[in-house]
Each structure stands twice: as structure tokens, then as C-alpha cells.
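Count along the sequence shown from 1, add 866, and you get the number used in the numbering used here. By construction, the Cβ of each residue, glycine as well, lies at the ideal position given by its N, Cα and C atoms.
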Amino acid sequence: MMKLSNMVRGLASDAVAKSLIQNWEHDEGTLMFWRASSNFVYAFENKQEKYFLRFSYDQESCFEQIKAELEFMEYLKLNHYPCVSPILSVNGKYIETVQNSERTYFVVVFSSARGTTLDENITEVQCEDWGRSLASLHQLSRLYEPFSTKRLNWQDILRKIDVVLQAYPDEKEAIEELGILTERLQSFPISNSNYGLIHYDFQLDNIFYEEENRSFSVIDFDDAVYSWYAHDIITALDDFLDDDMNLENSQVKSFLKGYSSVIPLSDEDINQFPYFLRFMKLYRFSKLLWSLEGSDVTDAPKWLDDVKLKFARARDELRRGFREQY
867 MMKLSNMVRG LASDAVAKSL IQNWEHDEGT LMFWRASSNF VYAFENKQEK
917 YFLRFSYDQE SCFEQIKAEL EFMEYLKLNH YPCVSPILSV NGKYIETVQN
967 SERTYFVVVF SSARGTTLDE NITEVQCEDW GRSLASLHQL SRLYEPFSTK
1017 RLNWQDILRK IDVVLQAYPD EKEAIEELGI LTERLQSFPI SNSNYGLIHY
1067 DFQLDNIFYE EENRSFSVID FDDAVYSWYA HDIITALDDF LDDDMNLENS
1117 QVKSFLKGYS SVIPLSDEDI NQFPYFLRFM KLYRFSKLLW SLEGSDVTDA
1167 PKWLDDVKLK FARARDELRR GFREQY
């Protein structure tokens, strides 16, 4: 999730994307905005094949972390795990660093994923396949050794949350929650079987289903982080879990059944679920606070007010949850 002020600048008349796409072969006139969250993504075509241009500001990301992301994806591809691939630029680079008078951008292009997107009406069979796909990723993660820089870990995320909350001393409940989670997670055992590099956004908008072979093609590894595999499970199931952690939901049960068919889940894993749900909510809260900072932009586009309202409502709902908890 980026600062809304940066989102406004990045989307202004699509000028930035039109400039950055010149670093890759492309069919003129095919560039189209796709989505913006933690970075900007545009779809385009080259020789009538679909690709995706992704870029972010140096304020929002870092070259070494993107390099580590692409290395993990390359490892997965080499081991026949279905995910998209980065595409070389006309300069023979996977990551282009582009500077203009105002900013530095990190730019990557990816191939298109095979398959179709699913929604909340996902069937139980598809949920099993979804869980199985995540477990297969975790199996490969157990054996992964990065060549150079490692991705961030869960402690780095807690430090990020702390930096944000230091600017908001009145958010006492959130600050207390940070302290509790830090202490609790530090007591969790870490082993090769329960901890490694996780996708951390294995939700339905980042996976594409191929029905003929019941597999998913995966995109968007830019949140990948070292944490417990149970953490990845809870993040994936976010839209299907309530505050009471109802694991009896048929879709949740099917997901866990599929996951457990590859990697059995222990009672210890399941007992950690509520803490990872709390972690996810606190991290989201801090990102909303950060994103809304400086969002009163001069000559703002019409869409900005709607997004600000949506973010503010989500922030306030999370804040109420912290207060009710304590």
C-alpha cells in the first residue's frame, strides 16, 4: 500500500508509465492501467502477447529487495512451480532504474499468468487446489537458499509498524498490540519445517486457476517475507475468516484439507493462527495510517476522495477492533 499522494502523482495522465514502457519492446497504443496498491501495474502487449509493467518509487521499495524477489521467482520456475516470469528490457536488464527530475523509479515487466481469476464463490474443490498450491510453494521454500540479498523478515515488518506508530502516540491500543505481538511471536519456535520465505499475499487476486490441470499460476511476489508458513495461510484466507477464527467455514476447511494433503498441519500451527490474524490487522492499520499521510493534494483527481474515505473507514474499523480487544 503506497502513499495516496504518490498514487496521484504516478497516475497523472499515465505519463510515467508511458515513459517507462520505452525500456521494453511493446506494441504502440496497448498500454492500459491495471491496478495500483503497493506499486503501479499496467498491462500492455508485445507482438499481441500480454505483459505487465510494474513500477514503484524508491521511497516505496528498494532495488535489492526486488532483486531478491526475482531470484525467488526464478528458483520456483526452475523447480516447475507455476508463476509468472520477469522479462528482459531492451537494455538486457530485469530491473530498470529510471531517474527523472523528481524521482527514481524501479521498473520490472512480467509475463502474463495462465488461467482465470476466481472470486468469493470459489468451490470447495478449487479451495482444496488453492491450499495444495500454497503448500507446494512452502515445500520449495524449505529448500531455498538465496544467492545474494535475503528478503525482509517478520521482525522487519514489526519495526516498520513501530516507526509508523511512533508518529501517532494517541494510538495507545495499537501500540499495546504491537508490544504483545512482538513478545508472543518471539516465543514461537522456528525450524526449517515451519518457517521460510512466504508469498504473503496468496489471495485470489494474485492466483489464476487452470481448471484442466487443477493448478494455479501465481503473480505478485513483492510482499514475500521470511515468516512462519502458518502466517502465509492466514494471510491467504483473510477474506474468508471472521474475527472468531471460524475454521469450520466450508471454504476454509477445504483450503486446509488441500494444504494438509501436502504438508500436515500440527496443533501448534493452528494455535498460532489467531496471532497471525492479529499481526495482519495491525500491519494493515499501520499501512493505512502511512498511506493517508499527506493525502490532502492540491488539484486532486475526483477518485482520491473516494479512496481516502474507503481507507479512513477501514482504519477506523481496525482501531475499534483494538479498543474492543482491550
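- In the DSSP assignment, residue 1039 falls within the alpha helix (DSSP H) that extends over 1038-1052.
- If you look at residue 912, you'll find it in the beta strand (DSSP E) that goes 906-912.
- Taking residue 1085 as the centre and dropping the five residues before and after it, the same chain places the C-beta of 950, 979, 1072 closer than 6 angstroms to its C-beta, in chain order.
- For residue 907, the CB contacts under 6 angstroms within the same chain, skipping 5 residues up- and downstream, are 900, 901, 918, 920 in chain order.
- For residue 959, no alpha helix (DSSP H) run applies, since DSSP gives it neither H nor E.
- In the displayed model, residue 988 falls within coil according to three-state DSSP, outside both helix and strand.
- Under DSSP, residue 982 takes part in a beta bridge, and its partners are 1075.
- Under DSSP, residue 1062 takes part in a beta bridge, and its partners are 1093.
- In the three-state scheme derived from DSSP, where H, G and I count as helix and E and B as strand, residue 971 is classed as strand.
- Going by C-alpha positions, residue 1144 is about 8 angstroms away from residue 1047.
- Scanning 948, 1154, 961, 932 for the CA closest to the CA of residue 886 turns up 961.
- Beyond the five residues adjoining it in sequence on each side, residue 1066 comes within less than 8 angstroms, by CB distance, of 1089, 1090, 1091, 1093, 1097, 1098, 1101 in the same chain, given in chain order.
- With three or more CB-CB distances shorter than 8 angstroms, the stretch 1043-1061 counts as touching the stretch 1019-1033.
- The alpha carbon of residue 1117 has as its nearest neighbour, out of 989, 954, 940, 871, the alpha carbon of 989.
- Annotation for residue 940: no beta strand (DSSP E) segment contains it, though the alpha helix (DSSP H) segment containing it runs 929-944.
- For residue 1069, the three-state secondary structure derived from DSSP is coil.
- About 4 angstroms separates the beta carbon of residue 911 from that of residue 896, a gap short enough to meet the 8 angstroms contact definition.
- For residue 926 against residue 904, the beta-carbon gap comes to about 7 angstroms, under 8 angstroms, which counts as contact.
- If you check the CB distance, residue 890 and residue 975 come in under 7 angstroms.
- For residue 1080, there is no enclosing beta strand (DSSP E), as DSSP marks it with neither H nor E.
- Straight-line spacing of the CA atoms in residue 1041 and residue 1069 works out to 28 angstroms.
- Burial state of residue 1087 is buried, judged by a 10 Å Cβ sphere holding 16 or more other Cβ atoms.
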